[in-house]
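Enquirer: Under our numbering, think of the first position of the sequence shown as 2, with each following residue one higher.
Backbone N, C-alpha and C fix where the C-beta goes; we use that ideal spot for every residue, glycine too.
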Amino acid sequence: MEETSVKVCLFGDLSVSLGNNTVTCSGTRSKKVWDLLAYLFYHRGRSVTSDEITSLLWSNTGESPKNAMKTALHRARSLLDSLSDGLGHKVILFKDGGYSLSPDVKITVDVEEFDSLLRSARDASPDEATDIYLRAISIYTGDFANILSSESWVIPISAYYHNLYVITVEKIVPKLEEAKRFKEGVDIAKAALRVDPYHEHFYQLLMRCLLQTGARDEVVTVYEEMSKLLLSTFGVMPDKESRSLYREALKTVNISTVSPDAVKEQLTEIGNISGALLCDYDFFRMMYQAKARMIARTGDAIHIALLTLQSRTKSDIAQKSIEIAMDNLEKHLCASLRKGDLISRCSVSQFVIMLPQANYENSCAVCQRFIDSFEKKYSHSPLKINYFVHSVTPSTDN
Numbered sequence: 002m003e004e005t006s007v008k009v010c011l012f013g014d015l016s017v018s019l020g021n022n023t024v025t026c027s028g029t030r031s032k033k034v035w036d037l038l039a040y041l042f043y044h045r046g047r048s049v050t051s052d053e054i055t056s057l058l059w060s061n062t063g064e065s066p067k068n069a070m071k072t073a074l075h076r077a078r079s080l081l082d083s084l085s086d087g088l089g090h091k092v093i094l095f096k097d098g099g100y101s102l103s104p105d106v107k108i109t110v111d112v113e114e115f116d117s118l119l120r121s122a123r124d125a126s127p128d129e130a131t132d133i134y135l136r137a138i139s140i141y142t143g144d145f146a147n148i149l150s151s152e153s154w155v156i157p158i159s160a161y162y163h164n165l166y167v168i169t170v171e172k173i174v175p176k177l178e179e180a181k182r183f184k185e186g187v188d189i190a191k192a193a194l195r196v197d198p199y200h201e202h203f204y205q206l207l208m209r210c211l212l213q214t215g216a217r218d219e220v221v222t223v224y225e226e227m228s229k230l231l232l233s234t235f236g237v238m239p240d241k242e243s244r245s246l247y248r249e250a251l252k253t254v255n256i257s258t259v260s261p262d263a264v265k266e267q268l269t270e271i272g273n274i275s276g277a278l279l280c281d282y283d284f285f286r287m288m289y290q291a292k293a294r295m296i297a298r299t300g301d302a303i304h305i306a307l308l309t310l311q312s313r314t315k316s317d318i319a320q321k322s323i324e325i326a327m328d329n330l331e332k333h334l335c336a337s338l339r340k341g342d343l344i345s346r347c348s349v350s351q352f353v354i355m356l357p358q359a360n361y362e363n364s365c366a367v368c369q370r371f372i373d374s375f376e377k378k379y380s381h382s383p384l385k386i387n388y389f390v391h392s393v394t395p396s397t398d399n
């Protein structure tokens with residue numbers, strides 16, 4: 002029989018290719034078919050029984066497991082037949098009560114290649130290992146069987162390979178930095194963030210490499226996007242290392258002197274200026290500290306207000322409702338407060354406001370007026386706003 006070379010991708014989007022022809026997993030109608038194919042391809046070194054497959058794939062579906070298995074198997078073979086006539090029966094064999102993949106068909110599976118490359122890298126010289134790791138990373142286009150991520154058999158395998166991928170990226174990008182291969186480091190970090198957009202260390206690797214290429218503006222953009230994502234999703238701010246890279250990016254690389262007029266022009270706010278100033282939490286913290294130093298000398302009154310969104314009932318509120326309410330709250334704050342006031346998101350459901358030249362009673366009145374106007378405008382919102390006001394504590398010498 003003429004040898005057939007079949008390429009199987011289990012990372013990211015599931016696919017099977019033969020020459021220039023490819024079939025991919027798309028839509029929920031074919032999900033169980035791909036569930037079956039992915040299970041067989043991943044376990045292709047052994048025979049799996051019908052009972053093993055049905056107990057994993059159809060135990061809680063409400064369908065007749067055996068009939069569902071037969072239907073899925075027929076469709077799986079038909080799917081492979083679309084690559085080459087009769088390929089389905091050549092690849093998927095039934096023998097001695099179990100299903101296995103034919104040893105006579107050449108099959109390459111990306112997961113096996115990934116494992117093989119990582120093993121090779123461990124035994125290679127440092128220079129060779131770097132390029133081998135890069136090849137392994139290029140194979141990992143997404144988490145294992147992404148579309149099947151809720152399947153019980155997929156979860157531990159996906160977590161295992163995701164962890165291996167993270168470890169590999171965190172190992173290889175610093176090696177690229179040492180070799181001054183910064184552009185490659187940028188590409189690897191960006192690809193890693195497409196796989197895991199919530200992994201802060203990937204952002205730090207990206208920002209470090211971008212700084213080395215001189216792309217300071219891009220570092221600032223990366224930091225601001227990361228900050229917004231972490232805050233809106235987890236209610237946390239970037240850590241000390243991220244903030245340090247951000248501040249480094251803000252430094253000018255222009256060594257020539259700047260005229261007073263040029264400095265004034267750079268610092269002047271452009272456009273139609275109205276309402277409060279919205280800023281990120283890192284900047285807000287610096288302004289708080291600056292004001293705390295100032296009032297230690299002047300004795301001026303500055304107060305901080307914390308606005309918190311809470312449910313009107315004891316029921317849980319969907320994250321989407323909180324996100325919508327926070328966006329509406331941000332717009333209303335910017336439009337309603339004074340030009341001298343400063344606003345920042347400080348958690349998933351909270352804003353912090355700096356109210357200069359306002360005593361405690363006035364600050365409370367400002368908050369209550371704002372809440373009344375907001376709740377009148379969004380009267381059908383399932384959320385309400387609570388506030389807490391305290392004064393800025395003057396800085397003292399240690």
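By the DSSP assignment, the alpha helix (DSSP H) with Thr1 in it spans what residues?
Expert: Only positions 2 to 399 of the chain appear in this structure, which leaves residue 1 out of reach.
Enquirer: If contact is defined by three or more beta carbon pairs under 8 Å, each pair taking one atom from either stretch, is the region 295–313 in contact with the region 380–393?
Expert: Yes, since at least three Cβ pairs between the region 380–393 and the region 295–313 fall closer than 8 Å, the two stretches touch.
Enquirer: May I have a chain-ordered list of the beta strand (DSSP E) segments no shorter than 3 residues that lie completely inside the region 56–97?
Expert: 93–96, all fully within the region 56–97.
Enquirer: What do you get for Phe12, buried or exposed, if any count of 16 or more other CB atoms within 10 angstroms of its CB means buried?
Expert: Buried, by the Cβ-count rule.
Enquirer: What number of angstroms, rounded off, separates the C-alpha of Lys33 from the C-alpha of Lys67?
Expert: So the alpha carbons of these two residues sit roughly 13 Å apart.
Enquirer: How big is the Cα-Cα spacing for Ser392 and Glu331?
Expert: Whole-angstrom Cα-Cα distance: 22 Å.
Enquirer: If I measure Cβ to Cβ from Asn22 and keep anything under 6 Å in the same chain, skipping five residues before and after, which residues do I get?
Expert: Around Asn22: Leu84.
Enquirer: Indicate the three-state DSSP secondary structure (helix, strand or coil) for Met238 in the structure shown.
Expert: Coil.
Enquirer: Residue ranges of each alpha helix (DSSP H) run of no fewer than 4 residues wholly in the region 314–353, ordered along the chain?
Expert: Those alpha helix (DSSP H) runs which fall completely within the region 314–353 and span 4+ residues are 320–337.
Enquirer: Please classify Cys10: does DSSP put it in a helix, a strand, or coil?
Expert: Note: Cys10 maps to strand in three-state DSSP.
Enquirer: I need the straight-line Cα distance from Ala146 to Leu15, nearest angstrom please.
Expert: Answer to the nearest angstrom: the Cα atoms are 6 Å apart.
Enquirer: Report the partner residues of Ala160 according to the DSSP bridge assignment.
Expert: None, per the DSSP bridge assignment.
Enquirer: Excluding the 5 residues preceding and the 5 following Ile305 in the sequence, name in chain order all residues of the same chain whose CB lies nearer than 8 Å to its CB.
Expert: Excluding residues within five positions, the ones whose Cβ falls inside 8 Å are Tyr289, Val353, Ile354, Met355, Leu356, Val390, His391, Ser392, Val393.
Enquirer: Do you know offhand how far Leu177's Cα is from Ile323's?
Expert: When rounded, the distance between both Cα atoms is 41 Å.
Enquirer: Could you give the residue range of the alpha helix (DSSP H) that holds Leu15?
Expert: That residue, Leu15, is in no alpha helix (DSSP H); it is neither H nor E in DSSP.
Enquirer: Closest to Leu278 by CA distance: which of Arg182, Ser65, Leu334 is it?
Expert: Of Arg182, Ser65, Leu334, the residue nearest in Cα terms is Leu334.
Enquirer: Assign Tyr100 to one of three DSSP states: helix, strand, or coil.
Expert: Of the three classes helix, strand and coil, the one that applies to Tyr100 here is strand, per DSSP.
Enquirer: Taking the alpha-carbon of Ser117 as reference, which of Asp218, Arg217, Thr25, Ile138 has the nearest alpha-carbon?
Expert: Of the candidates Asp218, Arg217, Thr25, Ile138, the one whose C-alpha sits nearest the C-alpha of Ser117 is Ile138.
Enquirer: From Arg244, Glu225, Phe183, Leu232, pick the residue whose C-alpha is nearest to that of Gly215; which is it?
Expert: The shortest C-alpha separation from Gly215 is found at Phe183.
Enquirer: Check each candidate in Val349, Gly89, Asp97 and name the one with the smallest Cα separation from Phe235.
Expert: Nearest of Val349, Gly89, Asp97 to Phe235, Cα basis: Val349.
Enquirer: May I ask you to report which of helix, strand or coil DSSP gives Gln311?
Expert: If DSSP states are grouped into helix, strand and coil, Gln311 belongs with the strands.
Enquirer: Determine the direct distance from the alpha carbon of Ile93 to that of Ser103, and round the result to whole angstroms.
Expert: The straight-line gap from Cα to Cα measures roughly 6 Å.
Enquirer: Let's test the definition: count the other Cβ atoms within 10 Å of the Cβ of Leu246 and tell me whether it reaches 16, buried, or not, exposed.
Expert: Leu246 should be labelled buried.
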